[in-house]
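To convert a position in the sequence shown, counted from 1, into the numbering used here, add 3. Note that CB positions come from ideal geometry on N, CA and C, so glycine has one too. Quick notes on the structure that follows.
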Amino acid sequence: MPGSLNSLIGFLLYPSVDLSTAFHPKYNTGISFAYLKDDSSSTTVVALIMELDDMTNLAAST
Numbered sequence: 004m005p006g007s008l009n010s011l012i013g014f015l016l017y018p019s020v021d022l023s024t025a026f027h028p029k030y031n032t033g034i035s036f037a038y039l040k041d042d043s044s045s046t047t048v049v050a051l052i053m054e055l056d057d058m059t060n061l062a063a064s065t
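So this is what it looks like as structure tokens:
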């Protein structure tokens, strides 16, 4: 997507699910910002990735 927009900054927001505990999945949200290589928009030079774990706070409620 950033390559078609001639942009060197990539942004990604994604969901993930932690199934490590039986019958109690934890729902997570991730966000990523990436600086892309000038002549190849699919190559990341540097990235900052953060994930917010247990968005529904299920671990604390049990």
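(request) Drop a sphere of 10 angstroms on the beta-carbon of leucine 16, count the other beta-carbons inside from all chains shown, and report buried for 16 or more, exposed for fewer. (result) Label assigned to leucine 16: exposed.
(message) Please list the terminal residues of the continuous beta strand (DSSP E) segment that includes lysine 40.
(response) Per DSSP, lysine 40 belongs to no beta strand (DSSP E) and is neither H nor E.
(request) Would you give the residue range spanned by the beta strand (DSSP E) that threonine 47 belongs to? (result) Unbroken beta strand (DSSP E) run through threonine 47: 47–55.
(request) Specify the secondary structure class of proline 18 as computed by DSSP and reduced to three states. (result) It is a strand residue.
(message) Quick check on leucine 51: buried or exposed, where buried means 16 or more other Cβ atoms within 10 Å of its Cβ?
(response) It counts as exposed.
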